[in-house]
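One structure is given below, encoded as structure tokens.
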Amino acid sequence: MGVAQNADGLDDGTLEIGMEYRTVSGVAGPLVILEKVKGPKYQEIVNIRLGDGTTRRGQVLEVDGEKAVVQ
17 MGVAQNADGL DDGTLEIGME YRTVSGVAGP LVILEKVKGP KYQEIVNIRL GDGTTRRGQV
77 LEVDGEKAVV Q
């Protein structure tokens, strides 16, 4: 599927550019479900790199612990 990259600052005030997760658990239309994500935040902007190398930008719509739904 793809790789999700965190594009937001962390709680301790640092910015970690290039944080990558390979934990896409599902895709439903325009929604991407991510699991095992460290500190996802509501309305966070993320980059999704697709299998063909193209990148799409998305926004976190829902957070549940270490799970996030991105559109």
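Quick note: the sequence shown uses our numbering, first residue 17, plus one each step. Note that beta-carbon positions come from the ideal geometry of N, C-alpha and C, so glycine has one too.
{"Asked": "Can you tell me whether DSSP reads Gly42 as helix, strand or coil?", "Found": "strand"}
{"Asked": "For Glu82, does the three-state DSSP call read helix, strand or coil?", "Found": "coil"}
{"Asked": "Verify whether the separation of the beta carbon atoms of Lys57 and Tyr37 is less than 8 Å.", "Found": "no"}
{"Asked": "Rounded to the nearest angstrom, how far is the Cβ of Val86 from that of Val48, given a contact under 8 Å?", "Found": "5 Å"}
{"Asked": "Just to confirm, is the Cβ distance from Asn63 to Thr71 under 8 Å?", "Found": "yes"}
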